[in-house]
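Mind the numbering: the sequence shown is residues 7 to 602 in our numbering, read in order. Each residue gets a CB set at the ideal place from its N, CA and C atoms; glycine is no exception. Worksheet: one structure, shown below.
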Amino acid sequence: MNRNASNTKPRNYPSPELQSQNSDHVLEIVPEIVLQFLTSRRDRNAASLVCKSWWRTDALTRSELFIANCYTVSPRRVVSRFSRLRSVTIKGKPRLADFDMLPADWGAHFSPWVTTFSTAYPWLEKVHLKRMSVTDDDLSLLAGSFAAFKELVLVSCEGFGTPGLAAVASKCRLLRVLDLEESSVDINVSDYSGIVDWISCFPEGETHLESLAFDSVCSPINLEALEKLVARSPSLKRLRVNRHVKIFHLYRLMHIAPHLTDLGTGSFDVPEDTEDDELVFESPFAASKSLVCLSGFRDILPEYLPDIYPVCANLTFLDFQYADIIDTDEIKSVVSRCHKLQTLWVCDTIFDGGLQVVAQTCKDLRELRVYPLYANDGVEGPVSGVGLEAISQGCRKLQYIMFFCQSMTNAAVVALSRNCPDLAVFRLCIIGRYMPDALTQRPMDEGVGAIVMNCKKLTRLDVTGVLTDRAFAYIGMYGKLIRTLSVKFAGDTDLGLKNVLQGCTNLQKLEIRDGPFGDGALCCGLQHFYNMRFLWMSSCKVTRQACQAIARTLPHLVLEVIDTEQDTVDDVEILYMYRSLDKPRDDAPKLVTIVH
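The following block contains the structure:
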């Protein structure tokens, strides 16, 4: 016998029952440990599908929820699954609602959501809403229900007024963010009746405000109260004011808060009745050392434009989309000083010459948006392929471009695709119906094809113009990462849309406007629709019979047929189709028919 073996004490191995219990405990802990490192909602969603255990763990640990369509799930269903939510983002109407393509009373009401959440999540801290209908009563209930509420962001929302804002300001004492972006605030603009001085409703003493944006509020505000509010908000970094705040008011605000990093200037002019001695003031930007984002400039007077020169060297974001009074030379004078610029939003009044200055100056530009001011159809316009090609040569780090123009060439788009391979978003809108290459009069197929072939990171593609089946074949073959596709005044036959639906395996959102696609194209997507977030088709050749056939085949899809003119013909004017985990909504207006 081995002497060492005889002196060795027997090991105390755990029993099989105890091993099983330990294994179960480890298996319960692992998902929670893994999920806490997943910050992307797509990663969380994917992890929740691994197994029932991971699904339950996700439900118990998720604190942030993103709902891409308020009608895909009910508030009751959300509450029954998630018990610890602190932040909720909800989107309502589809994007084309911004183009007045939906009935005014289409829906997307916030009321059922806030009513349900007020009792289920008393600890809720953040609410972000986009294209939702929000009332003053909703805001009052929100303000009175969540004691630790910190952040309210309303983007392109409507239905509320200053009484609702007053309720939020007065009751949410821990409020850090109150942002109203492109939202329509209900106000009688003829006499400004019913306005509440909501700026004065913030509690006395030092606030927690970090961001306050009310540039979309069209009513006058209490300027003295605003100055006091800014003065007692030491954490305020972002301030975007409305057009009732004039340039000499900005002077006082900037001196009170020189630490601002993001400023929306409101109206960059002076009232007509201003005394001469009031016009003698220092540039409101001279004292700023931290400003990197600048927007606003409504009703800007060109003679005051040099006031922003002191901060141009540090700017990374500049929004000139509302500065439609200043001409291209004045825009150039600003842009030529912005060597650190990464994001530029501007009107087409910049002209091709201004875009050439951008290309020469802004070598670090990542995002460019050119909005239309000259909206007349035609081949001549202030910006064209000349400006786009200049941008592609000078701004090779470009990742996002939105370009409204009246003429474009394949050559310019091909150059952009080769010089800016990091493009993730390409949005080209040639104003007019079925516009071809401005030089060759050929379809824009080769330009679109080059974008999807050369830009390997492309996730969003918006195009208009003459496109044949060849362009759609390119999109289906090479656009494997595309999640959002919008096509207007383009298309050849049903085969084009079939190539897209079968080829773009990651497609989530598809918008087709004024196209030749009919029932055949629609029905070829049956096996793909459950994987998409929504499909929008307007002014196409889809019939009600095809919609009914799809509704019977795919019962978990909601098909809304929208006839804005109450037509009784078989052709569908607008089709909006989306997934839903619940039964179809019951608040559709008369112009909306839910197809069964």
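What residues in its chain sit with their C-beta under 8 Å from that of residue i, if we drop five residues either side in the sequence?
i    : result
H534 : L507, Q508 and L513
Y440 : G471, V472, F495 and A496
L563 : F535, Y536, I556, A557, M583, Y584, R585 and S586
T549 : G524, D525, D576, D577 and V578
D383 : Residue confidence is low: D383 scores 47 on pLDDT, short of 50, so the model does not pin down where it sits. No coordinate-derived value is stated.
R591 : Y77, G113, V564 and I600
L33  : Residue placement at L33 cannot be trusted, given a pLDDT of 48 that sits under 50; the coordinates are not used to answer.
R50  : L41, L44, D64 and R68
S29  : With a pLDDT of 43 at S29, under the threshold of 50, the modelled position of that residue is not reliable, and no figure is offered here.
L147 : V120, T121 and S124
P449 : P442, D443, G471, V472, L473, T474, R476 and A477
Nearest to residue i by CA position, among the options, is which residue?
i    : options                   : result
S390 : L379, I481 and D354       : D354
E571 : K596, A552, I556 and P561 : K596
R82  : A126, S93, L565 and D593  : A126
G302 : S289, S273, A293 and V317 : S273
Q447 : A417, M459 and L464       : A417
V458 : A74, S423 and S139        : S423
V120 : D428, D144, F540 and H134 : D144
N425 : F152, A456 and G165       : A456
L394 : G453, L44 and D358        : D358
R375 : T271, M260 and Y328       : Y328
L102 : I580, D588, D593 and H602 : I580
R476 : L501, T490, L347 and D104 : L501
R466 : D451, G482, R87 and I488  : I488
Q554 : E566, K547 and A396       : E566
V251 : D275, A237, K243 and L266 : D275
A396 : T367, G387, Y377 and L379 : T367
D106 : A53, I96, L130 and R137   : R137
F326 : Y377, Q348, L147 and A153 : Y377
S289 : D268, V352 and V317       : V317
Does the ligand MG have even one heavy atom less than 6 Å from the beta-carbon of residue i?
i   : result
R62 : Inclusion of the ligand MG in the displayed structure is not the case, the ligand content being empty and no account of it being possible.
Tell me where the alpha helix (DSSP H) around residue i begins and ends.
i    : result
D500 : D500 to G509
M441 : Where M441 is concerned, there is no enclosing alpha helix (DSSP H), given that its DSSP letter is neither H nor E.
R47  : R47 to S54
R558 : R550 to T559
S124 : S117 to A126
H255 : I253 to I262
Y77  : No alpha helix (DSSP H) holds Y77; DSSP gives it neither H nor E.
K338 : T334 to V341
C318 : Y315 to C318
P81  : P81 to R87
E452 : D451 to N460
Q447 : Counting along the chain, Q447 falls outside any alpha helix (DSSP H), and DSSP gives it neither H nor E.
Which residues does DSSP pair with residue i in a beta bridge?
i    : result
Y406 : E373 and V431
I568 : I580 and V598
V493 : V469 and I518
F323 : C299 and T349
V94  : L71 and V133
V159 : H134 and D185
K547 : G524
S273 : R304
S241 : Answer is none; S241 lacks a bridge partner.
E164 : S139 and S190
C368 : Beta-bridge pairing links C368 to no other residue.
C411 : I436
R585 : L563
D625 : For the chain, the structure presents residues 7 to 602; residue 625 sits outside this window and is missing.
Tell me which residue opens and which closes the beta strand (DSSP E) that residue i is part of.
i    : result
E187 : V183 to E187
M543 : F540 to S544
W245 : In the sequence on display, residue 245 carries Leu and not Trp. Taken as a continuous stretch (DSSP letters only), the beta strand (DSSP E) holding L245 covers R244 to R246.
A219 : S217 to A219
For residue i, collect the residues of the same chain with a Cβ closer than 6 Å to its Cβ; drop the 5 residues on either side in sequence, then sort them by chain order.
i    : result
N10  : Summary for N10: the model assigns pLDDT 47, below 50, so the residue's position carries little reliability, and this model does not support an answer.
V133 : V94 and L158
T168 : I201, V202 and W204
C178 : A149 and F155
R433 : M408 and D468
With a CB to CB cut of under 7 Å and the five nearest residues on each side skipped, what residues in its chain are close to residue i?
i    : result
Q25  : For Q25, the pLDDT reaches just 43, beneath the cut-off of 50, and the residue's location in the model is therefore unreliable, leaving the point undetermined.
I314 : F291, L300 and V340
G165 : S139, V140, T141 and D192
F88  : A65, R68 and L71
T122 : P81, R82 and V85
Contact between the stretch 198-208 and the stretch 112-119 is defined here as three or more beta-carbon pairs at a separation below 8 Å; is this criterion met? The stretch 198-208 is not in contact with the stretch 112-119.
Counting pairs of Cβ atoms below 8 Å between the stretch 224-239 and the stretch 302-318, do you hit three or more? Judged by Cβ distances under 8 Å, the stretch 224-239 makes no contact with the stretch 302-318, as fewer than three pairs qualify.
Please confirm if the stretch 396-404 is in contact with the stretch 330-344, defined as three or more CB-CB distances below 8 Å between the two stretches. No, because fewer than three Cβ pairs between the stretch 396-404 and the stretch 330-344 fall closer than 8 Å, the two stretches do not touch.
So does the stretch 255-263 actually touch the stretch 203-216, counting three or more Cβ pairs closer than 8 Å? Segments in contact, no.
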